[in-house]
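Trainee:
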Amino acid sequence: MDRTNLAPGRLIRLLRIGVALIVGFGLANRSIALEIVRPPASQTIFLGDPVSFRVEAQGQPPLQYRWLRNGKPMDGVSGPDWTFVTSAADHDATITVEVIDSTLRITSPAARLTIDPGLPGAYRTNRLVEVVHPWQYRVDGVLPHPQWPGSSDTSTGWTTGGGVLYVEDSELPGPKTTLLPATAGKLPTTAFFRTTFVNPITNAHSIELVASLLVDDGALVFLNGSEVQRLGLDEGTVLPTTQASRGVGNAAWEGTFPWAATGLKPGTNALSVEVHQSGTTSSDLVWGLILDAVWQERVRDTLAPRVVSVTPPLGSAVGAAPNRGASKKGKSYQ
Ligand SMILES: [Ca+2]
């Protein structure tokens with residue numbers, strides 16, 4: 051073919067077709083490289099607030115997402131967003147996300163979740179156990195359960211009565227609510243008491259337990275199965291046959307004693323108590339307890355929005371605005 055036969059217009063058409071073919075071929079075979087465009091961002095969140103992590107990625111669809119907290123995959127989270135309510139255990143957590151297409155898997159850079167515990171507020175006191183709080187008791191001298199004082203103890207044979215519980219002729223510095231069915235001079239070496247109480251505090255920056263005890267003769271107290279108090283009993287293993295290391299004439303309130311609050315749970319808690327006598331011929335047996343929680347509320351330390359300017363300036367005269375609608379009455383503060 052003679053080049054001179056190619057008119058300029060035809061040449062341009064051919065060139066256009068060629069370019070279109072090349073571009074079309076390229077588009078048809080384009081593969082979108084798997085890439086994390088925007089990784090999840092590190093955040094500081096007030097304890098108990100929800101947090102959301104997001105990843106933006108591109109690749110050959112469909113993309114799958116697998117979120118990991120401290121390297122462990124989170125079940126039930128499969129999208130590019132992950133939202134959850136924070137707890138203290140989330141502090142310093144490392145958040146990553148794997149993005150997966152048909153052939154590749156890439157992992158995002160790590161985001162760090164910092165939990166802000168807020169600031170301590172004023173001290174408050176909640177009474178968790180009143181002196182007349184109901185207790186279950188056993189005074190038959192029998193160990194209630196092989197796992198005593200395990201919180202899973204579901205043994206029967208318990209009777210319920212309010213505090214103070216007693217076998218005592220003398221006056222006591224508390225209401226003598228429940229006379230125990232035991233005989234003076236033939237008291238069991240160990241009497242068993244248990245109860246539950248509700249801890250309503252859910253937003254504490256700090257919390258301490260403070261107990262006052264009315265005991266004759268010695269006592270061993272467990273909170274949710276862990277020992278928190280021992281009065282009139284020697285160190286070491288305490289058996290149902292173990293006698294108190296002291297004799298008490300007339301019981302008097304003792305304390306206040308600080309109890310470790312580490313075992314305190316939100317909601318229902320269990321108290322298990324052994325009251326031991328100092329000898330086999332003791333004539334009196336007393337159990338009473340008052341338990342308080344002294345705590346500081348967690349106060350949000352993020353500041354409320356602050357007014358930075360006022361328009362018009364303070365003290366300036368402002369003319370009335372034109373009336374733009376007779377039907378609109380009152381002011382708009384939008
Ligand atoms: Ca006694």
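Going by this note's numbering, the letters in the sequence shown line up with residues 51 to 384, in that order. Idealized CB from N, CA, C, for every residue including glycine. Because the structure is a prediction, the values reported are computed rather than measured.
Can you tell me whether DSSP reads A138 as helix, strand or coil?
Mentor: Helix at A138.
Trainee: What distance in whole Å lies between the Cβ atoms of D166 and I251, which are believed to be in contact at a cut-off of 8 Å?
Mentor: Going by Cβ atoms, the distance from I251 to D166 rounds to 19 Å, so no, they are not a contact pair.
Trainee: Is DSSP giving R296 helix, strand or coil here?
Mentor: R296: coil per DSSP, three-state reduction.
Trainee: What does DSSP give as the partner residues of A241 in its beta bridges?
Mentor: In DSSP, A241 forms a bridge with V325.
Trainee: Just checking L335 against ligand 1 - is the residue's beta carbon closer than 7 Å to any of the ligand's heavy atoms?
Mentor: Checking every heavy atom of ligand 1 against the Cβ of L335, one is found closer than 7 Å.
Trainee: Report the partner residues of K122 according to the DSSP bridge assignment.
Mentor: K122 is bridged to R119.
Trainee: With C-beta atoms as the reference, is V298 less than 8 Å away from D267?
Mentor: Yes, the Cβ-Cβ distance between V298 and D267 is below 8 Å.
Trainee: Within 7 Å: the Cβ of D219 and any heavy atom of ligand 1?
Mentor: D219 Cβ: outside cutoff for every heavy atom of ligand 1.
Trainee: If you drop the 5 nearest sequence neighbours on each side, which residues of the same chain put their C-beta closer than 6 Å to that of D284?
Mentor: Result list for D284: S295, in chain order.
Trainee: Given that a residue counts as buried once 16 or more other Cβ atoms are within 10 Å of its Cβ, and exposed if not, what is E180?
Mentor: So E180 counts as exposed.
Trainee: Looking at ligand 1, does it come within less than 7 Å of V323, judged from the CB to the closest heavy atom?
Mentor: Flag unset: Cβ of V323 not near ligand 1.
Trainee: May I have the straight-line CA-CA distance separating R162 from P170, to the nearest angstrom?
Mentor: Going from the Cα of R162 to the Cα of P170 covers about 24 Å.
Trainee: In the DSSP assignment, find the beta strand (DSSP E) that holds R177 and state where it starts and stops.
Mentor: Run containing R177: 169-179, per the beta strand (DSSP E) assignment.
Trainee: With a threshold of 16 other CB atoms inside 10 Å of the CB of V349, please say whether the residue is buried or exposed.
Mentor: V349 comes out exposed.
Trainee: How is R66 classed by DSSP in three states: helix, strand or coil?
Mentor: Of the three classes helix, strand and coil, the one that applies to R66 here is helix, per DSSP.
Trainee: Tell me, please, which residues DSSP counts as bridged to D166.
Mentor: Per DSSP, F96.
Trainee: Hey, which unbroken runs of the beta strand (DSSP E) at 3 residues or more fall wholly within the region 200-239?
Mentor: For the region 200-239, whole beta strand (DSSP E) runs of length 3 or above, ordered along the chain, are 209-212, 215-217.
Trainee: Would you say the beta carbon of V189 comes nearer than 7 Å to a heavy atom of ligand 1?
Mentor: No, the beta carbon of V189 sits no closer than 7 Å to any heavy atom of ligand 1.
Trainee: Taking just the CA atoms, how far does V189 sit from T210?
Mentor: Between T210 and V189, the C-alpha separation is close to 12 Å.
Trainee: Kindly indicate the opening and closing residues of the beta strand (DSSP E) around L273.
Mentor: Counting along the chain, the beta strand (DSSP E) containing L273 begins and ends at 268-273.
Trainee: Mapping the DSSP letters down to three states, classify R348 as helix, strand or coil.
Mentor: R348: strand per DSSP, three-state reduction.
Trainee: Take L230 and list the residues in its own chain whose beta-carbon comes closer than 6 Å to its own, dropping the five residues that flank it on each side.
Mentor: Excluding residues within five positions, the ones whose Cβ falls inside 6 Å are V189, L215, V217.
Trainee: Mind checking whether the beta-carbon of S328 lies closer than 7 Å to any heavy atom of ligand 1?
Mentor: Yes - ligand 1 has a heavy atom lying nearer than 7 Å to the Cβ of S328.
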